[in-house]
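Throughout the sequence shown, residue numbering follows the numbering used here, covering 982 to 1305 in sequence. Input: a single structure, listed below in structure tokens.
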Amino acid sequence: MSEIKSIGVLTSGGDAPGMNAAIRAVVRSGLYYGLRVMGIRKGFDGLINGDIEEMTARSVGDIIQRGGTILQTARSPQFKTEEGLNKAMAMAKVFGIDSLVVIGGDGSYRGARDISRLGMNVVGIPGTIDNDIGCTEYTIGYDTALNTVQDAIDKIRDTAYSHERCSVLEVMGRHAGYIAVNVSISGGAEAVILPEKPYDLDKDVLKPIIEGRNRGKRNYTVIVAEGVEGKAIEIAKEITEKTGIEARATILGHIQRGGSPTVQDRVMASMMGLKAVEVLKSGGRNRIIAVNNNEVTDLDLEEALKTKKDLPEELITLSKIMSL
Ligand code: F6P
């Protein structure tokens, strides 16, 4: 197996706070191990188009505290085609890139797998606020997003209490309910609606609100994951009509993706960036960095893509019990 000499690093899919810390870690670890590191802008599109620049220790200075990604990101339809993949391989050759660190979610890993099949050495780093990657318990940006949502819940609760209202908050997560179930616990919600569980509005939402009122509650919070059928606005309308309690919907949207990363996201991103470079340096090919049981490990890319993880049942139960 030939030694690697030059790493290309890119961010792909939705940006997540902490991606900059991961880029910084890849660049500085690469330089530490005597490798060239090339920054690829706008995800796989940048690889196809040659939007590539050599990175130095200074190009990643002053970024660890910044949300978003300095390399920018994209979801590249072109990269899903054979022609796009061949162009990307040809461009990697032009820039002397023999290995790639891809920071992103599982859509990005599929791109990484496809280019690995053409001979590129690839390592993936999980970066998404959704925490929906099967092979790892932790993804970069998730912790920051949870804290951003929590801050919003606390603020909305102040006004909900003052008006004795019900707040219905729609949170991100695509098809997964990780953000939703966790903030329902940390934010003291009366109900949470998750894509993983069918729900009955009367039993799962209206009943706990009315029972809560009868026990003396003065405001109510309902968390709706964006992946469920029936969105926050309709649910708020139904709550108002059926309980007489004024309900207002807030869709938190992209605020959840921005902001300065938490300490946890910065440290995890730094650890994963270093691990990615060490895996490549020591001959690892087509791997994914994962964190399980607090340990940073690397797994086979193809195998990792097949792994599924379920939302822990105990979190759903905990949320229900705590809402009494
Ligand atoms: O994957 C991150 C995420 O923010 C999801 O939670 C959400 O469904 C999606 O991206 C939104 O994507 P976009 O910013 O392209 O609308």
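Glycine included, each C-beta is placed from N, C-alpha and C at the ideal position.
Reduced DSSP secondary structure (H/G/I, E/B, other) of residue i
| i | result |
| --- | --- |
| V1209 | coil |
| P1107 | strand |
| Y1123 | helix |
| T1202 | strand |
| L1150 | strand |
| A1161 | helix |
| I1214 | helix |
| M1101 | coil |
| I1004 | helix |
| A1141 | helix |
| T1221 | helix |
| I1114 | coil |
| I1190 | helix |
| S1033 | Checking the sequence shown, residue 1033 turns out to be Ile, not Ser. In this structure, I1033 counts as strand in the three-state DSSP scheme. |
| R1238 | helix |
| L1012 | helix |
| D1095 | helix |
| K1290 | coil |
| S1167 | helix |
| S1040 | helix |
| A997 | coil |
| I1134 | helix |
| Q1046 | coil |
| T1129 | helix |
| G1197 | coil |
| Y1180 | coil |
| Q1059 | helix |
| S983 | coil |
Element boundaries [alpha helix (DSSP H), containing residue i]
| i | result |
| --- | --- |
| D1185 | Neither: D1185 is in no alpha helix (DSSP H) and is coded neither H nor E. |
| L991 | Run containing L991: none in the alpha helix (DSSP H); it sits in the beta strand (DSSP E), S987 to T992. |
| L1296 | E1294 to M1303 |
| L1028 | G1024 to N1030 |
| A1073 | E1063 to V1075 |
Delimiting residues of the beta strand (DSSP E) encompassing residue i
| i | result |
| --- | --- |
| I1084 | S1080 to G1085 |
| M1019 | R1017 to I1021 |
| V1173 | A1172 to I1174 |
| T1231 | A1228 to I1232 |
Neighbour flag for residue i against chain C, beta carbons, 9 Å
| i | result |
| --- | --- |
| T1109 | Going by chain labels, chain C is absent from the structure shown, which holds only one protein chain. |
Give every residue whose Cβ lies closer than 6 Å to any heavy atom of ligand 1, listed in chain order.
G995, G1086, T1109, I1110, D1111, M1153, G1154, R1155, E1207 and R1238
Any chance you could list the alpha helix (DSSP H) runs of at least 4 consecutive residues sitting entirely within the segment 1244 to 1286, in chain order?
1244 to 1262
May I ask you to verify whether the segment 1117 to 1128 touches the segment 1226 to 1244, counting CB pairs closer than 8 Å and requiring at least 3?
yes
Please determine if the segment 1096 to 1112 and the segment 1252 to 1272 are in contact, where contact requires at least 3 C-beta pairs separated by less than 8 Å.
yes
Cβ contact (3+ pairs, closer than 8 Å) linking the segment 1175 to 1191 and the segment 1203 to 1216
yes
Spell out a yes or no on whether the segment 1087 to 1097 and the segment 998 to 1013 are touching, meaning 3 or more CB-CB pairs, one atom from each, closer than 8 Å.
no
Do the segment 1249 to 1268 and the segment 1276 to 1284 touch if we need at least three Cβ pairs shorter than 8 Å?
yes
Is the segment 1061 to 1079 close to the segment 1228 to 1236, with three or more CB pairs under 8 Å?
no
Stretch pair the segment 1253 to 1265 + the segment 1131 to 1138: three plus CB contacts closer than 8 Å
no
Between the segment 1047 to 1067 and the segment 1218 to 1228, can you find at least three pairs of beta-carbon atoms closer than 8 Å?
no
Pair every Cβ in the segment 988 to 1006 with every Cβ in the segment 1038 to 1047, then say whether three or more of these pairs are closer than 8 Å.
yes
Three or more beta-carbon pairs under 8 Å between the segment 1284 to 1304 and the segment 1156 to 1165, yes or no?
yes
With three or more C-beta pairs closer than 8 Å as the rule, is the segment 1018 to 1032 touching the segment 982 to 999?
yes
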